[in-house]
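Participant: Protein chains in written order, with our numbering: chain E, 1471 to 1987; chain L, 1471 to 1987.
Ideal Cβ positions, reconstructed from N, Cα and C, are used throughout, including at glycine.
These numbers come from a predicted model, not from an experiment.
Take a look at this one; I'll ask things after.
2 protein chains.
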Amino acid sequence: AEFVAAEEMGRGRGYWWSPDGAQLAVARVDTAPVPRWWIADPANPAKTPIAHPYPAAGAANAEVTLWVVALDGSKIEVRWDHERYEYLTNVAWSGHGLHIVVQARDQRSLAVLRVDPATGETTEVFADRDDVWVELVPGTPSWLPDGRLVMACDWGGARRLVVDGLPVTTPDVQVRAVLGVQGTDVVVACNPVDDATVQHVAVWSEQGGLELITKEPGVHGATVGGPTIVVRRSHLGADGAVTSVLGGSDLVSHAETPLVRPNVTLSRRGERRLAIAVLLPHEAAPGTKLPVLFDPYGGPHAQRVLSARSAYLSSQWFADQGFAVVVADGRGTPGRGSAWERSVHLDLAAPVLEDQVDALHAAAEADDRLDLTRVAIRGWSFGGYLAALAVLRRPDVFHAAIAGAPVTDWRLYDTHYTERYLGNPAVDDAPYERCSLLREAAALTRPLLMVHGLADDNVVAAHTLELSSALLAAGRPHRVLPLSGVTHMTPQEVVAENLLLLQLDFLRESLGLERPG
Amino acid sequence: AEFVAAEEMGRGRGYWWSPDGAQLAVARVDTAPVPRWWIADPANPAKTPIAHPYPAAGAANAEVTLWVVALDGSKIEVRWDHERYEYLTNVAWSGHGLHIVVQARDQRSLAVLRVDPATGETTEVFADRDDVWVELVPGTPSWLPDGRLVMACDWGGARRLVVDGLPVTTPDVQVRAVLGVQGTDVVVACNPVDDATVQHVAVWSEQGGLELITKEPGVHGATVGGPTIVVRRSHLGADGAVTSVLGGSDLVSHAETPLVRPNVTLSRRGERRLAIAVLLPHEAAPGTKLPVLFDPYGGPHAQRVLSARSAYLSSQWFADQGFAVVVADGRGTPGRGSAWERSVHLDLAAPVLEDQVDALHAAAEADDRLDLTRVAIRGWSFGGYLAALAVLRRPDVFHAAIAGAPVTDWRLYDTHYTERYLGNPAVDDAPYERCSLLREAAALTRPLLMVHGLADDNVVAAHTLELSSALLAAGRPHRVLPLSGVTHMTPQEVVAENLLLLQLDFLRESLGLERPG
């Protein structure tokens, strides 16, 4: 799969077997037109840099065609209107035939096409369009046994299950994924639109409509195979997760019990009923003021405030060092319906930051131990962008920031993700300029630590280095911690542990906190 | 010229015309065996990295041969024992014929060879050897009109002018360079071995011996051409330099008067009579304690303590921000005779650092305004190495350090420079291990700011990145400021200015100083 398919479309593969095993649908990916970005290892100058075809926003994507190849060596190109639909987002080959999902570059339309493998001809069987964007939903397309198509679309305010072109769930439920089809039942993951902190597994059937098969609070997922459904549940009342065969027994878990025990309270606050988690030290003396650490992600396609204890381990570790840690999911995060998710269209900065500020004030109103004179913010990836944005735009609220692997200029991020939110910068650069941290560098007055893996081939280190250069050009002190040999995440245990310690050190120094004796 | 010739041997060129213009001596440089080091620009990922043949200590050098080529297309190789003499350090083609200077890889021997351009045969006309190293002296070889060879060698304790194989200057004078031959006179730059802060221009003649032609204190250089000598003088009593034709008039200078006015006192102190410059703020209230900033280079082949006002502009800028700035040249720096310069053989760390500590104590004894509880050190290149070394090994003395483009592991520096001091690590790695900062990373307890140009192809950024990784692995907080698009020096005015301001900010924060109201 080309980079954006794997990273942004959830399509990690490039070939699909026919059900009889006699043919393959194969994507041909030509990255020749894509800009080459170089990922070097400056800590090991003898190591040859890697040329990485990176389709930055506005630049050329890989040219993707699909071919049906057979054991006899024959090769037939699947034909569709590539001008209209630049992206091949999914391929499915089942007893219902070979289908592809294609999407326009502007992401306002997609189509499911049925392919005749003998000729490569395609016929549209479903199309969706939206003035903002159409969403790619995991598990779609699927089919009922009678051949009716199962999709999920943002129609009428929420993401709804769509069978044979008609919505079959109500707009108060947000369908997150189609998990499988079992007989004539469709198994989905979903949540109430007014509460995205939980996630349930439900079954839709023509007879019964949508029926939850998980009833307890928590975050549930499921895997469907043959007549079996295996459910995995995490919740606030226990560590880890419980995996059980539906209607059968729990699987034994040998997972280690975490050393950190989240002391977390979820609430919904403010005008927009923001989901907020507050984590407190286990032994905070009553009446003590606590410095505040915001620990958000804040961007599209990921949530941080969940009814699951395991979501809070790093946050609680910071809380145990003496912070009130606040985690909030604001506009742009998934689960709360179409309008909520789309509030960041053409502006990934202002509404996201505004909701964090609102969450702080709401949390402080509810608990007067939160010390609003000492507020820091940390985050990784989009969360790093948000953290840097916070100290640049709201130094009155945020007094220090740690930006891990931040985006600093969306022009340096990829086509499929970025153009969905900000449009094509080759057509209109204004949203990119509006959301760039580089042009705001001179506003920095708060301690800012940037951490970035030099081997990051997703959010490349240029994001941090360009912001650092802009800060230097503006004479603004700041800190950079370049991580040699580290990519977008830091799975290396020793690096991860030391990063926590160094962040803590930075927070204490920046907020003027005493080290505990 | 290959990298080490240009960077370390003072040979910036690779071809030499015969006096009659009919032939050329041409160096053929084959970098195939040299390791490729990649210099990327991670702030501009689309920029193709440059493959840079970098002969790191212990690795293969470029293969250098010399050829005499003529206008008729003929080509003759100059033959010498390449096994014995790996380096071609200089070539001279004059009325006295074609000569080459070759040097052994271990730098303990060199030879001047006379070349027969018709056959490529060579004959040794001079050889020198030394148990530690032989020095390459600018301006050598030269010739008197009668054909006698003029060299300069470390013989009997100092660098002496050598004519026809015999030393003709006394060991109380250090000859720094041969500036030219004028008639039967040899014009040299030199200084008294007991005072390297001055430099004079002198003329040696058979009749008169060595006679100074500059009598005033200061730092003098000269250019010799035909019957003319042009002398350039800098001293402590005036800004800039005065350039004058010897026996004639001064050239008019249009140089700007620096905004910074050095308030500097030179002295010789301590057991080793270290040359020390102390720079004070112009308006230090009497009796105020002053935080101390060390501002050394400290390494071989460069001095910082000179009787020239222009040497102290950056240092005085820091002094004017409220510091007592101390600059000291210790063992290993040039000008004070052979033993002094060679004290760093096999150890570039301990004696260098010891002399800085001694200089601090000597300076503080002489002026009780120096506050020994607030001492920082800054330096660039070798000075950056020294600054980082200082906080690692002597946190009792140094409370903060700024290491600009530091060497942190001598294995990552080049053959010709590094092997001269530490030997070949492929033969004996112990001196490299002894002088490596990487293995001492866990000792860091003081604020350390590392600044490094990511485009540095001399002291590559890997030095800083590897020390940063080692510090991270040891959980030691530190700061890195990566400079995008910047090489070993920072000629960019805006970068240079902001770097000063950010350094000042770091020093104030690290030493707990108030910003002036």
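1. For the region 1508-1520 of chain E against the region 1504-1520 of chain L, do three or more pairs of beta-carbon atoms, one drawn from each stretch, fall closer than 8 Å, so that the two count as touching?
2. Could you run through the region 1813-1843 of chain L and flag, in chain order, every residue whose CB is less than 8 Å away from some CB of chain E?
3. I'd like to know if the region 1555-1571 of chain E and the region 1529-1542 of chain E are in contact, where contact means that at least 3 CB-CB pairs between them fall below 8 Å.
4. Could you tell me how far apart the beta carbons of L:Ile1746 and L:Ala1833 are, in whole angstroms, since I believe they sit closer than 8 Å?
5. Once the 5 residues before and after E:Val1658 are set aside, which same chain residues still bring their CB inside 7 Å of it?
6. In its own chain, which residues sit with a C-beta less than 6 Å from the C-beta of L:Pro1917, not counting the 5 before and 5 after it?
7. For chain E, find out if any of its Cβ atoms is closer than 9 Å to the Cβ of L:Ala1513; answer yes or no.
8. Look up L:Thr1885 in the DSSP assignment and say whether it is helix, strand or coil.
9. Applying a beta-carbon distance threshold of less than 9 Å, which residues of chain L neighbour E:Arg1506?
10. Can you tell me whether E:Phe1473 is helix, strand or coil according to DSSP?
11. List the residues of chain E that L:Ala1858 touches, going by C-beta distances under 8 Å, in chain order.
12. Exposed or buried, E:Glu1889, counting other C-beta atoms within 10 Å across all chains shown (16 or more means buried)?
13. Could you compute how far the alpha carbon of E:Cys1905 sits from the alpha carbon of L:Ala1940?
14. When the Cα of E:Leu1919 is compared with those of E:Asn1928, E:Asp1655 and E:Leu1972, which residue comes out closest?
15. List, in order along the chain, the chain L residues whose C-beta lies closer than 8 Å to that of E:Pro1952?
16. Anyone know if the C-beta pair for L:Ala1798 and L:Asp1825 falls short of 9 Å?
17. To which residues of the same chain is E:Ile1683 closer than 7 Å at the C-beta, ignoring the five residues directly before and after it?
18. Can you pull the chain E neighbours of L:Asp1790, defined as C-beta to C-beta under 7 Å?
19. Step through the CB atoms of chain E and report whether any lies within less than 9 Å of the CB of L:Glu1967.
20. L:Ala1475: which of L:Val1572, L:Ser1488, L:His1566 and L:Gly1565 sits nearest, CA to CA?
21. Return the chain-ordered list of same chain residues with a C-beta closer than 7 Å to the C-beta of L:Tyr1767, the five sequence neighbours on each side being excluded.
22. Between E:Asp1884 and chain C, is any beta-carbon pair separated by less than 9 Å?
23. Would a C-beta distance cut-off of 9 Å place E:Arg1575 and E:Trp1603 closer than the cut-off?
24. Determine, for L:Pro1947, whether the minimum Cβ-Cβ distance to residues of chain E falls below 9 Å.
25. Please state the DSSP three-state secondary structure of E:Thr1593.
26. Which residues, in order along the region 1899-1930 of chain E, keep a beta-carbon less than 7 Å from a beta-carbon of chain L?
27. Since I believe L:Val1643 is in contact with L:Cys2051 (beta carbons under 8 Å), could you give me their beta-carbon distance rounded to a whole number of angstroms?
28. Any idea which residues DSSP pairs L:Lys1685 with across the strands?
29. In terms of residue numbering, what span does the alpha helix (DSSP H) encompassing L:Pro1821 cover?
30. Could you check whether the Cβ of E:Asp1975 sits closer than 9 Å to any Cβ belonging to chain L?
31. Going along chain L, which residues have a C-beta under 9 Å from E:Ala1745?
32. Taking E:Val1877 as the reference, which of E:Glu1553, E:His1831, E:Ala1931 and E:Val1867 has the closest Cα?
33. When DSSP labels each residue in this structure, what does E:Ser1784 get in the three-state scheme?
34. Closer than 9 Å, Cβ to any Cβ of chain E: which residues of the region 1474-1503 of chain L, in chain order?
35. Specify whether the region 1686-1693 of chain L and the region 1725-1742 of chain L touch according to this definition: at least 3 beta carbon pairs, one from each stretch, less than 8 Å apart.
36. Could you name the residues of chain L that E:Leu1971 contacts, counting a contact when the two beta carbons are closer than 9 Å?
Facilitator: Checking against the coordinates, here is how it stands:
1. Three or more Cβ pairs drawn from the region 1508-1520 of chain E and the region 1504-1520 of chain L lie within less than 8 Å of each other, which places the two stretches in contact.
2. none
3. yes
4. Right, their Cβ atoms sit about 6 Å apart.
5. Leu1631, Val1645, Ala1647, Val1648, Leu1649, Ala1672 and Trp1674
6. Ala1870 and Ser1980
7. It does; some Cβ of chain E falls within 9 Å.
8. helix
9. Pro1515, Ala1516 and Thr1518
10. helix
11. Result: empty, since nearest Cβ-Cβ is about 16 Å, beyond 8 Å.
12. buried
13. 35 Å
14. E:Leu1972
15. Leu1935, Ser1938, Val1950 and Pro1952
16. yes
17. Val1671, Ala1672, Val1673 and Leu1716
18. Going along chain E, no residue has its Cβ under 7 Å from L:Asp1790, so there is no contact; the nearest lies around 18 Å.
19. yes
20. L:Val1572
21. Arg1774, Gly1849, Phe1852 and Gly1853
22. The question asks about chain C, but that chain is absent: this structure's protein chains are E and L.
23. no
24. yes
25. strand
26. Leu1924 and Val1930
27. Residue numbering for chain L in the displayed model covers 1471 to 1987; residue 2051 of chain L lies beyond these limits and cannot be assessed.
28. BP columns for L:Lys1685 are empty, so no partner.
29. Ala1820 to Ala1836
30. yes
31. Chain L residues near E:Ala1745: none, gap ~34 Å exceeds 9 Å.
32. E:Ala1931
33. helix
34. Along the region 1474-1503 of chain L, there is no position whose C-beta sits under 9 Å from a C-beta of chain E.
35. no
36. Here the neighbours are Gly1945 and Pro1947.
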